[in-house]
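Okay, so here's the structure we're looking at.
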Amino acid sequence: MCCSSPLFNLTIKSSKTLAVIVALGLSAFRANAQQPLFKLLRPEETGVKFRNDLVEDEKLNVLSYEYLYNGGGVAVGDINNDGLEDLFFTSNLGPNKLYLNLGNLKFKDITQQAGDGLAGRPGDWKTGVTMADVNGDGLLDIYVCYSGLGDNAKRRNQLFINKGNNKFVEMAKQYGLDDPGYSTQAVFFDYNNDGKLDMFLLNHNVKKISNLELAQAKGETDELASNKLFENQGGHFVDVSKKAGIIQNPLTFGLGVAIADINKDGLQDIYVTNDYNEPDYLYINNGNGTFTEDSKKCFKHLSQFSMGVDIADINNDGLPDMMTLDMLPPDNRRQKLLQLQENYESFELMLNQNLYKQYMRNMLQVNNGDGTFSEIGQLAGISNTDWSWCPLIADFDNDGYKDIFISNGYFRDYTNKDFLRYWGDYKLKKAMDREPFRLMDLVKAMPSTTLSNYIFQNNHNLTFTDKKQDWGINKGGISSGSVYADLDNDGDLDLVTNNINSEASILQNITMETGKKNYLAVNLKQPEGNTNAIGSKVFVYNGKQVQYQEVNPNRGYLSCVSTVLNFGLGDQQQVDSVRIIWPDQTSQLLTGVKANQRLNITYKTGNPIFKTDGKIVAKSVFSLAKPAIDYTHTENTINDFKRQPLMLFMSSKTGPVIAKADVNKDGLEDLFIAGDQNTPGKIFIQKTGGTYAVQEISDLNKENTSAAAFFDANGDGFPDLYIAKGGYSLLEPGANELQDKLYINDGKGNFSFSSTSLPVLTGSSKSCVRPCDYNGDGKTDLFVGSNITPGYYPSAPKSYLLTNSGDGHFEITDAPFANIGMIKDAQWADLNGDGRKDLVICGEFMPIMVFANTKTGFVDETAKYFDHPVSGFWNTITITDVDGDGKPDIIAGNLGQNTQIHASQAEPAEMYFADFDGNGSIDPFFNFYIQGVSYPFVSRDELNDQIYPMRKRFASYKAYCDATMKDIFTPEELAKATKLTANEDETCLFLNRGGKFVKGQLPLQAQYSSVSEILTGDFNHDGKTDLLLLGNHSDNRLKLGSFDANYGCLLTGDGKGNFTYQTQPLAGLSVNGDVKSATEIKINGANYVLIGASGQALQFYKY
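Laid out in structure tokens, this is it:
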């Protein structure tokens, strides 16, 4: 037998030999198929032997200089224009290194011969590094930042001007850039579009400022700590910070900076991350030499200890998204050991001092296209990566979607709670013994943990999968500044990291070696000034797909990536077109571009100006209207967690409550809008022309209304008003404040309190009122659902079935759902077609339940309609036919998937509660799965505060950090506990299929936030049912943070049960706040949606 080919030229003499060869070939194929995406190259292979070594002593350590372990940076760029990317590393204490790329991933250290001082001033503290053509001569220069303790001379930054032939001369002073501040990083960009590179200098303070000093510090100026903007004026850089509107106070703790055209107006904007209390800054370029800090208008919350930042388009919608890093660990153990204790007073002080909502986790801010961003880091799966530094958003597997790399690690566990306790004990002991206090004693007591970096693959649907194991990013270490670049010009992006106390890492990307993916690289040049075309935009179009990148190399942390853009193309061997928008906003279009090449494009004059004004913009479904009623709700500020610290969510913020009816039978829809702490509720009577007249309600006063409904209570044909009472705060079961009220309509829209109509209903806080003639006697009855008993969360409160006697008086009727759980909502619907409306209820830690309304009473038939209990954190439920089959379907609003809490059938969330310590109060313990194990949410401190004897059971944080409920409580103690379960966290569509409710698929945007209101209707006038999901919930445990990514989620239906998310510009929605009520209403003959949100003015949207 003979086999011959270009690959093989051998003679096979036996079948046995053939079998061996085939086996070897298959083995090699499998090995290649399983090979990681990245290969860590040894220093001996690359020639890069740089190390950032830190030596601690009594004078220099993390307790004397808190940023000691923040690491060094990396810059990558072609310093000699030979087409190969070269590398520069900064070392905090040791020498910097410049490596020339020799090709084939071989590098040569040329630091010494390249120029005096390039290694940095000995002993001075180096931080970030940037490569940029500062003087516009076509050669990349190098700017090195300095910080650390000591005098100004030791901190003056350095600028090494490239003289050609791999020679550099330090000239920072001559250029006006030898700034002596505490510098982190410098960014060169053209902020005023004059064709020359300007510079933004990111600085940080070295002194922590206490909460009590924050207000004073905001009004101060600190030349060394504050950020600075330098304008390039004829080759000399002039500080224009104050004139430009750059914040100058000492609260700046700048760790990251990135540049992008955030609002797509052709001007470069600046994003700055701040450590500690000061929120991040988003400087929007006004185009007149000034910037406006606009973070609070664009974002709902931010990272608290913000570190690195990157800006890139993660979902291929042509809009820049943002990612900031923080230090929340992914595992239960390190969360329990390191996470800071919740401090509501400190958080409230922070908000009162205009420091904004900040939470300790990574944030992924997705651009909504209308000036707002939805933070979806938890839904995306990238929020918890421990002490993280450098985010890099780029397409590492060349599939056409950008992935995320994160450098990780801190040399010592500075926030370890056992260490912090030891610190306090040590200081006390030394003081009592009158012995010297030695910092290194404390430093050595800190645990040291190495962590692997992270890399996440883009799933093409706004979520990411952790691929650090599969892709070969799994070596432990302490990494800081990092860059990506195509070091070997093979079409994929390699990675370089600067590591503390170990060699720098060079990770070769072998995507192109597999031969399965395609790419397109774009290298833009201009003949003078801004020679690398910083600020240019490149769009790559293929079919309906678009990829978007900007030439802005400063991103991540302390580092500077290449100006060559790399686009992964997957299996596409050609792209339809490439559009380049140059810094002067002229546009160049290339068509039919073949893959697997580098486009080297030089700017030429004569290109047309790129304009967006002429583009066709689809008409939005909704449009924001002028409020027909001038009312702004005052938010309840009581902290419910002071009463029951282990609750998950507050319950006092129930308003504004809105109910709708034509109260005077004039054909116009009127409103009841509940009051707040300062004002009583009122009736608003609609007049011809769309105005409203206010009708006061006697005996209403300031109230804690939690639900309301109009219905005809006494059979006179006019809608009366039922007001349910609720909340939490300082209320007690049985208190008069919890007694519901019925107001009778005189037929003219005047309402009077009927004191004898209702039985005593003071046992619980109500959540919903649902009128229905359930017994078919022609009189409207009521279901009144309750969600909580104040002081007794999470025990089941009493809900009520109120039967109408016929004259407006109601009696409590026994029903099987009276104590069924923490009910949030209910609806009446005839599910079985027998002509009698059944009751469907939902609630927190409850399944959606169906109680069939039979002639002999209500029967729980949940199991008939659902294959298994669908238990969740349900807030609201709507029943309508969405697919046109004549059968009622269910849409239920849940917690969503953008939280730390995750619940599924396989890994449910659980709530155990009992009076474990016998002190007369309920002890609730919430549990959910983290990395395959169910752990209690409660911290050791919270456990000790709740049950005092636990201090003996868990003497240290380390002893507690792996504890489960079985470790905390004995079997006998657990046996007396009640357990509630949630196995679904998604907002769900349940389609009626043959009498069974089957879960349908909603777009991922439905899971952005907690959903509290669902409206259904034909909003886009195409004859098919659409869904409008409204929600958000901000008053949660601080460890959970605000659920606030929903700006109004419009899902348009196809009439078959399928729904499509409409972007915020297409929907026309930008709803603010935690939505507590919503209704459709006709005003002056036009259709509106009226939305009431806590602490907000009423919002009216026309459609």
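For the sequence shown, UniProt numbering assigns the number 1 to the initial residue and increments by one for each residue that follows.
Here a beta-carbon is modelled for each residue, glycine too, at the ideal position from N, C-alpha and C.
Problem - Of the residues Leu177, Ser374, Glu737, Phe873, the one placed nearest Ser1012, counting alpha carbons only - result: Phe873
Practice task
Give the straight-line distance between the Cα atoms of Gly128 and Asp576, rounded to the nearest whole angstrom.
Solution key: 39 Å
Exercise for the section: Return the residue from the list Ala186, Leu202, Ile510, Thr46 that minimises the CA-CA distance to Phe38. Expected result: Ile510
Exercise for the section: Compute the Euclidean distance between the alpha carbons of Glu732 and Gly219, then round it to the nearest angstrom. Expected result: 45 Å
Exercise for the section: For the alpha helix (DSSP H) containing Gln1064, list its first residue and its last residue. Expected result: 1064-1067
Exercise for the section: Please report the residue range of the alpha helix (DSSP H) in which Lys154 lies. Expected result: Lys154 -> no alpha helix (DSSP H), and no H or E assigned at all.
Handout entry: Neighbour-count burial assignment, Gly103, 16 or more Cβ in a 10 Å radius
Key = exposed
Handout entry: Residue range of the unbroken alpha helix (DSSP H) whose run includes Ile1083
Key = Here Ile1083 belongs to no alpha helix (DSSP H); instead the beta strand (DSSP E) covers 1075-1083.
Practice task
Could you check the C-alpha separation between Ile314 and Gln547 for me, to the nearest Å?
Solution key: 9 Å
Practice task
State the Cα-Cα distance for the pair Lys782 and Asp773, rounded to the nearest angstrom.
Solution key: Lys is not the amino acid found at residue 782; the sequence shown has Leu there. Leu782 and Asp773: Cα-Cα distance of roughly 8 Å.
Handout entry: Enclosing alpha helix (DSSP H) for Asn352 [first to last residue]
Key = 344-352
Practice task
Using alpha carbons as the reference points, say which of Ala903, Gly136, Thr1063 lies closest to Lys619.
Solution key: Thr1063
Problem - C-beta atoms of Thr273 and Gly245 nearer than 8 Å - result: no
Exercise for the section: Might you give, ordered along the chain, the residues of its own chain that have their beta carbon closer than 8 Å to the beta carbon of Tyr865, omitting 5 neighbours on each side? Expected result: Leu831, Val850, Gly995, Lys996, Phe997
Problem - Per-residue DSSP class, three states only, for Tyr865 - result: helix
Problem - Assigned exposure category for Ser698 - 16 Cβ within 10 Å defines buried - result: exposed
Practice task
On a CA-only basis, which of Pro122, Tyr283, His809 is nearest Arg155? Give me that one, please.
Solution key: Pro122
Handout entry: Close Cβ partners of His301 (< 8 Å) along its chain, the five nearest in sequence each way excluded
Key = Tyr356, Lys357, Gln358, Tyr359, Met363, Glu375, Gly1041, Ser1042, Asp1044
Handout entry: Length of the line joining the Cα atoms of Ala892 and Tyr484
Key = 44 Å
Handout entry: Spatial neighbours of Leu1069 in its chain, beta-carbon cut-off 7 Å, leaving aside the 5 residues before and after
Key = Phe622, Tyr1047, Gly1048, Leu1050, Tyr1101
Handout entry: Touching by the beta-carbon criterion (3+ pairs, under 8 Å), the stretch 453-467 and the stretch 562-569
Key = no
Exercise for the section: Consult DSSP for Ser706 and reduce its assignment to one of helix, strand or coil. Expected result: strand
Exercise for the section: With DSSP collapsed to three states, give me the class of Lys242. Expected result: helix
Exercise for the section: Would you kindly work out how many angstroms separate the C-alpha atoms of Phe456 and Phe928, rounded to a whole number? Expected result: 23 Å
Practice task
Count the C-beta pairs between the stretch 711-725 and the stretch 634-643 that are closer than 8 Å, then say yes if the count reaches three, no if not.
Solution key: no
Problem - For Leu493, the nearest candidate out of Ile841, Ala394, Phe299, Phe168 (CA to CA) - result: Ala394
Practice task
Would you identify the three-state DSSP class for Pro43, choosing helix, strand or coil?
Solution key: helix
Problem - Endpoints, the beta strand (DSSP E) within which Tyr519 is located - result: 518-525
Handout entry: Contact under 8 Å by Cβ, Asn316 with Gln549
Key = no
Problem - Lys537: first and last residue of the uninterrupted beta strand (DSSP E) it sits in - result: 537-542
Problem - Buried or exposed by the 16-neighbour rule on C-beta atoms within 10 Å, applied to Gly409 - result: buried
Handout entry: Sufficient close CB pairs (3 or more, under 8 Å) joining the stretch 851-860 to the stretch 966-982
Key = no
Practice task
Compare the Cα-Cα distances from Ser452 to each of Ser587, Trp389, Tyr948, Leu442 and report the closest residue.
Solution key: Trp389
Exercise for the section: Report the option in Pro279, Leu229, Gly266, Asp269 whose CA atom is closest to the CA atom of Thr252. Expected result: Pro279
Exercise for the section: Could you tell me whether the stretch 171-180 touches the stretch 79-87, using the rule of 3 or more Cβ pairs below 8 Å? Expected result: no
Handout entry: As assigned by DSSP and simplified to three states, the class of Gln588
Key = strand
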